[in-house]
Amino acid sequence: MHSQPDLRRNSSVSKDVPQQRQESHVFTPQDTLRILQVLHGNEDALPESSRNQVHDSCALVEEHDYFGSARDDHVIGFLSFIATCPRIDNLGLAWEQYRSSEFWAGA
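At position 59 of the sequence shown (counting the first as 1) the number is 59 in full-length UniProt numbering, and the numbers step up by one without a gap.
Listed below in structure tokens is the structure:
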């Protein structure tokens with residue numbers, strides 16, 4: 001069995017993101033695929049901490065009536081956005097900031 005990558009290691013998806021703001025952030029194709037796998041029910045695609053972040057982001061996106069491929073796009077965009085933030089205390093406020101960011105336009 002292969003080891004599961006931790007999104008925090010490769011792309012700082014954690015709420016404990018580095019204090020230095022990243023200029024741009026793009027998930028690797030493998031990270032994106034693993035996020036999509038979790039969104040579509042494969043709980044083994046990511047370690048628990050990263051899975052929990054995907055699920056929390058998904059719930060927030062669905063609260064704003066995005067489902068299907070639009071949901072998937074916004075979950076990936078939102079996770080990319082929060083990875084560039086120095087600190088996330090409130091996902092709801094982060095969502096509002098995401099909606100006015102270049103990440104929103106790209107989703």
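Quick reminder that beta carbons are idealized off the backbone N, C-alpha and C, glycines included.
Quick caveat, the model's predicted, so the values are computed rather than measured.
Going along the chain, which residues of its own chain have a beta-carbon closer than 8 Å to the beta-carbon of residue i, five neighbours each way excluded?
i     : result
ASP56 : LEU91
CYS58 : LEU39, ARG71 and VAL75
In terms of residues, what are the limits of the alpha helix (DSSP H) holding residue i?
i     : result
GLY92 : 91-99
HIS78 : Looking at the sequence provided, one finds Phe at residue 78 rather than His. Looking at the DSSP string, the run of the alpha helix (DSSP H) that includes PHE78 is 68-83.
Taking the alpha carbon of residue i as the reference point, which residue from the options has its own alpha carbon closest?
i      : options                       : result
VAL26  : ALA59, SER80 and VAL61        : SER80
GLN53  : HIS64, ASP65, LEU39 and GLU63 : LEU39
GLU102 : ASP89, LEU93, THR84 and ILE88 : THR84
SER100 : GLY77, PRO86 and GLY68        : GLY77
Please report the straight-line C-alpha distance between residue i and residue j, rounded to a whole angstrom.
i      : j     : result
ALA70  : LEU60 : 13 Å
TRP104 : GLN37 : 22 Å
Please list, in chain order, all residues of the same chain as residue i whose beta carbon is under 7 Å from its beta carbon, the five residues on each side excluded.
i     : result
HIS74 : VAL61, TYR66 and ALA107
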